[in-house]
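Q: There's a structure below that I have some questions on.
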């Protein structure tokens with residue numbers, strides 16, 4: 033894990049929603065004090081039970097958002113790609129994460145202090161709407177996951193997971209970034225049943 037403190041947002045090719053919101057209100061970009069973090073596969077972006085102190089934005093790579101279950105039986109709720117926020121479900125509700133996030137491949141994230149995000153949320157209507165849309169999308173994905181887990185058998189769950197990945201990549205063929213164990217976690221079944 034490599035940290036780059038006081039990253040200059042003007043140099044970033046991404047120009048995320050946080051940057052745009054700060055410009056819209058005429059705020060000082062120096063106040064953002066973003067920290068860019070480069071992570072290797074399977075390093076923690078955030079850990080279930082840890083304190084929420086930063087808004088985290090995926091800059092590059094993909095990551096899995098999952099709930100840690102007993103005896104390492106995890107359930108992957110969804111996959112995060114660039115331009116996704118980590119921690120939307122915990123921004124305002126609780127001071128702790130109810131899930132963990134780890135990269136599925138080498139990834140880069142940008143971290144901004146949560147207090148700045150809360151200020152932008154209040155002061156900038158466009159940013160408020162952007163975060164609300166992202167929050168709604170997160171909730172919809174979780175609701176869909178609940179329906180899938182409740183109403184489909186093992187084969188249906190695996191098929192649903194493969195369709196989800198196909199839609200995510202917008203292609204019928206793609207390189208599988210998930211291991212068999214992770215595909216099982218995305219389908220909420222054991223690795224053994226995934227292989228069958």
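Residue numbers (our numbering): 33 to 228. Just so it is clear, CB atoms sit at the ideal spot from N, CA and C, and this is done for glycine as well. In this text, all values refer to a predicted model and were calculated from it rather than measured experimentally.
Might you give, ordered along the chain, the residues of its own chain that have their beta carbon closer than 7 angstroms to the beta carbon of residue 237, omitting 5 neighbours on each side?
A: The shown model of the chain, from 33 to 228, leaves out residue 237, and the question about it has no answer.
Q: If I measure Cβ to Cβ from residue 110 and keep anything under 6 angstroms in the same chain, skipping five residues before and after, which residues do I get?
A: Within the chain shown, residue 110 is the residue found at index 78, counting from 1. Excluding residues within five positions, the ones whose Cβ falls inside 6 angstroms are 97, 173.
Q: Among the residues of its own chain, which have a CB less than 6 angstroms from the CB of residue 225, if the five just before and after it don't count?
A: Stepping through the chain shown from its first residue, residue 225 is reached at position 193. Around residue 225: 186.
Q: Per DSSP, what kind of secondary structure is residue 128 in: helix, strand or coil?
A: To locate residue 128, count along the chain shown from 1; it is residue 96. Residue state for residue 128 is assigned as strand, using DSSP reduced to three classes.
Q: Can you tell me which of the three DSSP states residue 70 falls into?
A: Locating residue 70 in the chain shown gives position 38, where the first residue counts as 1. Strand.
Q: Under 8 angstroms, do residue 43 and residue 156 count as touching if we go by C-beta distance?
A: As a position in the chain shown, residue 43 is number 11, starting the count at 1. As a position in the chain shown, residue 156 is number 124, starting the count at 1. Not closer than 8 angstroms, so no.
Q: Does the region 129-147 touch the region 158-175, meaning 3 or more C-beta pairs lie closer than 8 angstroms?
A: The region 158-175, when compared against the region 129-147, does not touch it at the 8 angstroms Cβ threshold.
Q: Nearest-angstrom Cα distance between residue 74 and residue 93?
A: As a position in the chain shown, residue 74 is number 42, starting the count at 1. As a position in the chain shown, residue 93 is number 61, starting the count at 1. Approximately 12 angstroms, taken between the alpha carbons.
Q: Going by DSSP in three states, residue 64 sits in which element: helix, strand or coil?
A: Along the chain shown, read from residue 1 onward, the residue named residue 64 stands at position 32. Note: residue 64 maps to coil in three-state DSSP.
Q: Are residue 217 and residue 40 touching if we call contact CB-CB under 8 angstroms?
A: Indexing the chain shown from 1 puts residue 217 at position 185. Indexing the chain shown from 1 puts residue 40 at position 8. Result no, Cβ atoms of residue 217 and residue 40 do not sit closer than 8 angstroms.
Q: Assign residue 183 to one of two classes, buried (16 or more other C-beta atoms within 10 Å of its C-beta) or exposed (fewer than that).
A: What you label residue 183 is simply residue 151 of the chain shown in a count that begins at 1. Classification of residue 183: exposed, given that the 10 Å Cβ count is below 16.
Q: The alpha helix (DSSP H) with residue 159 in it runs from where to where?
A: Position 127 of the chain shown, counted from the first residue, corresponds to residue 159. 157-183 is the extent of the alpha helix (DSSP H) around residue 159.
Q: Buried or exposed: where does residue 199 fall if 16 or more other Cβ atoms within 10 Å of its Cβ makes it buried?
A: Taking the first residue of the chain shown as position 1, residue 199 is located at position 167. Under this definition residue 199 is an exposed residue.
Q: Cβ of residue 80 within 8 angstroms of Cβ of residue 129?
A: Stepping through the chain shown from its first residue, residue 80 is reached at position 48. Stepping through the chain shown from its first residue, residue 129 is reached at position 97. Closer than 8 angstroms, so yes.
Q: Can you tell me the Cα-Cα spacing of residue 127 and residue 223, whole angstroms?
A: The residue labelled residue 127 in the question sits at position 95 within the chain shown. The residue labelled residue 223 in the question sits at position 191 within the chain shown. Using only the alpha carbons, I get a separation of about 33 angstroms.
Q: Which residues share a DSSP beta bridge with residue 142?
A: As a working note, residue 142 is residue 110 in the chain shown. Answer is 68, 89.
Q: Straight-line CA distance for residue 139 to residue 70?
A: Here residue 139 refers to the residue found at position 107 of the chain shown. Here residue 70 refers to the residue found at position 38 of the chain shown. Those two C-alpha atoms are separated by around 6 angstroms.
Q: Going by the DSSP bridge assignment, what does residue 35 pair with across the sheet?
A: Reading the chain shown from its first residue, position 3 is the one you call residue 35. For residue 35, which the question treats as bridged, DSSP gives the partners 69.
Q: Quick one: Cα of residue 90 to Cα of residue 195, how far?
A: The sequence position of residue 90 within the chain shown is 58, counting from 1. The sequence position of residue 195 within the chain shown is 163, counting from 1. Straight-line Cα distance between these residues: approximately 23 angstroms.
Q: At a Cβ threshold of 8 angstroms, is residue 136 touching chain B?
A: Given the protein chain composition of this structure (a single chain), no chain B is represented.
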